[in-house]
Amino acid sequence: MENLAYWCVECNVPLLEKKCYLCGTISTKKFPTKAIPVFSEELKLLSKAIGESLEQFHPLDVWVFNRYYYFNGKRIFKITGGNILESPEIQWLVDKKKVSKELTLRNDISYDERVRKCLWANEYPLGVLEQKSLEFIKDIYESFKDKVTYAAVSFSG
0 MENLAYWCVE CNVPLLEKKC YLCGTISTKK FPTKAIPVFS EELKLLSKAI
50 GESLEQFHPL DVWVFNRYYY FNGKRIFKIT GGNILESPEI QWLVDKKKVS
100 KELTLRNDIS YDERVRKCLW ANEYPLGVLE QKSLEFIKDI YESFKDKVTY
150 AAVSFSG
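Per numbering that gives the first Met the number 0, residue 0 is the first one in the sequence shown, and the count goes up by one each step.
Okay, here's the thing in structure tokens:
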């Protein structure tokens, strides 16, 4: 697996590798590897802090990396300030009307369906990561099984 992420423009989901396993598209559109989804609660808090409504976005519509917010795989705004000395401010990087139009045109699907799309689009690379994780756990267990009475595995993040 590559140390890059991509965006499937057909399915509007982030990809862990170039191929989307949902539609078969080979993506050339790069996306930040460490971008994380922005959920409703964060959008509400952010709206309150900046004084501008962002609640038109649904969970998994918006992703964030390094204060840059992405919609449909594109940077749409960034947040500046927001420290002890200054309030946060939104700096739109694209025309808000265009984003609003894209929001109305997109298929309004449920949160569960959005999650399923992300999982299906990344089915193979997620399976590879799962297998590597299981092998790692097994190897660690094997190397310590004679030195401990009990073994436990904890997952985080």
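For glycine and all other residues, C-beta sits at the position ideal for the given N, C-alpha and C.
For residue i, does the three-state DSSP call read helix, strand or coil?
i, result
"L44", "helix"
"P87", "coil"
"T103", "helix"
Can the beta-carbon of residue i be found closer than 9 Å to that of residue j?
i, j, result
"W119", "N71", "no"
"V12", "L21", "yes"
"P36", "L15", "no"
"A48", "S86", "yes"
Less than 6 Å between C-beta atoms, sequence neighbours within five positions excluded: which residues of the same chain meet that for residue i?
i, result
"T24", "C7 and E9"
Leaving out five residues before and five after residue i in sequence, what residues of the same chain have Cβ atoms less than 8 Å from its Cβ?
i, result
"Y140", "A150"
"I136", "V152"
"A34", "A4, P13, W62, V63, F64 and Y69"
"S46", "S52, L53 and E54"
Looking at C-alpha atoms only, which residue of the options is the closest neighbour of residue i?
i, options, result
"L44", "L84, F143, I78 and C19", "I78"
"P31", "S52, E54 and K73", "K73"
"H57", "L125, G50, F143 and R113", "R113"
"Y67", "K96, L92 and C117", "L92"
Please go through the same chain and pick out, in chain order, the residues whose beta-carbon is closer than 7 Å to the beta-carbon of residue i, but skip the five residues on each side of it.
i, result
"K17", "Y5, I25 and S26"
Just to confirm the assignment, what range does the alpha helix (DSSP H) spanning residue i have?
i, result
"K131", "E122 to F143"
How would you write the range of the beta strand (DSSP E) that residue i sits in, first residue to last?
i, result
"K33", "No beta strand (DSSP E) contains K33, which DSSP labels as neither H nor E."
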